[in-house]
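Since the structure comes first, as structure tokens, the remarks are kept for the end.
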Amino acid sequence: MELDTKPFGKMDINERQRISFPRGILGFEHIREYALLNASQWPFYWLQAIEVPDLAFILIDPKIFRADYTVDVDDNDFSEIFLNPGDTENMLVFAIVTIPEDQKKMSANLQGPVVINREKKIGKQFISINPLWKTRHYILEELSEKGGKGC
Amino acid sequence: MLILSRKLNESIIIGDDIELSVVDIKGDQVKIGINAPKTVKVFRKEVYDAIQEENRAAARSSIDTIPSLDDMLKK
């Protein structure tokens with residue numbers, strides 16, 4: 014299908030890229046259909062609202078800068094997206110990225126991870142119960158700390 | 002909004018299976034105990050608000066060029 018996107022203008026997407034968020038994204042609850050797109054730069058992705066070309070979120074796999082990241086929610090929560098908590102094969106975990114004008118200060122929201130059931134094409138923004146995860150983790154800072162510790 | 006007065010150790014029942022009780026009162030702080038089924042999500046409102054606010058900021062991201070992490074780290 015053809016889609017009007019914020020990053021790329023009009024483009025063709027595969028049906029397999031469509032993801033439903035029955036409860037939307039917090040603050041955007043009424044928008045429920047998205048497409049998952051590769052961004053022009055690894056390791057970013059786009060979550061593009063299907064019906065709102067201007068609305069798109071940048072996503073990142075949080076493990077890229079926080080290898081210890083886990084989605085800390087009650088196991089029951091995963092059933093909302095028909096996912097077994099142990100089913101890592103079908104579980105895609107992303108953090109929403111905020112890029113301010115000074116791009117070096119880009120941050121990722123680890124408190125509200127976006128989890129997608131790859132097989133069922135259904136996603137949800139969870140709220141982490143682990144106080145370690147905040148709404149703003151500065152990606153470059155945490156990456157260089159990781160390098161500094163040599164792990 | 003429905004407003005009810007409660008004293009220490011008194012509680013409120015919501016629906017069939019949610020109970021809120023006043024567990025402790027100290028100065029301007031009230032401790033509230035919550036008994037609810039696991040499927041009912043309970044969060045401090047600030048947490049909710051912070052995530053909503055961050056999502057709005059994320060949607061306003063400056064994206065003329067998506068940066069390359071590799072390049073940024075080399076600098």
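Here the protein sequences line up with chains X and H, keeping their order.
Note that this note's numbering has the first sequence beginning at 14, numbered continuously upward.
Note that this note's numbering has the second sequence beginning at 2, numbered continuously upward.
We put the beta carbon where it would ideally sit given N, CA and C, even for glycine.
| Item | Value |
| --- | --- |
| Cutoff 8 Å; reference Leu68/X; Cβ partners in own chain excluding five residues on either side | Lys19, Phe41, Ile44, Gln61 and Ala62 |
| Residues near Cys164/X in its chain [Cβ-Cβ closer than 8 Å; skip 5 each side] | Per-residue confidence for Cys164/X stands at a pLDDT of 43, beneath the threshold of 50, marking its modelled position as unreliable; the derived number appears in the next sentence. Correct list, in chain order: Ala80. |
| For Arg31/X, the residue or residues it bridges with in DSSP | Ala48/X |
| 8 Å CB neighbourhood of Ile33/H in its chain, flanking five on each side removed | Leu21, Ser22, Val23 and Val24 |
| Collapsed DSSP secondary structure at Asn36/H in the structure displayed | strand |
| Residue nearest to Asn103/X in terms of C-alpha spacing, selected from Ser92/X, Asp85/X, Glu28/X and Asp25/X | Ser92/X |
| His150/X versus Ser63/H, Ile64/H, Asp71/H and Ile52/H, residue with shortest Cα-Cα distance | Ile52/H |
| CA-to-CA distance, Ala108/X to Ala121/X, given in whole angstroms | 6 Å |
| DSSP three-state assignment for Val48/H, whether helix, strand or coil | helix |
| Contacts around Ile112/X, its chain only, beta-carbon distance under 6 Å, and the 5 residues preceding and following it disregarded | Met119 |
| Proximity to Pro56/X [Cα-Cα], best of Glu11/H, Ser12/H and Ile67/H | Ile67/H |
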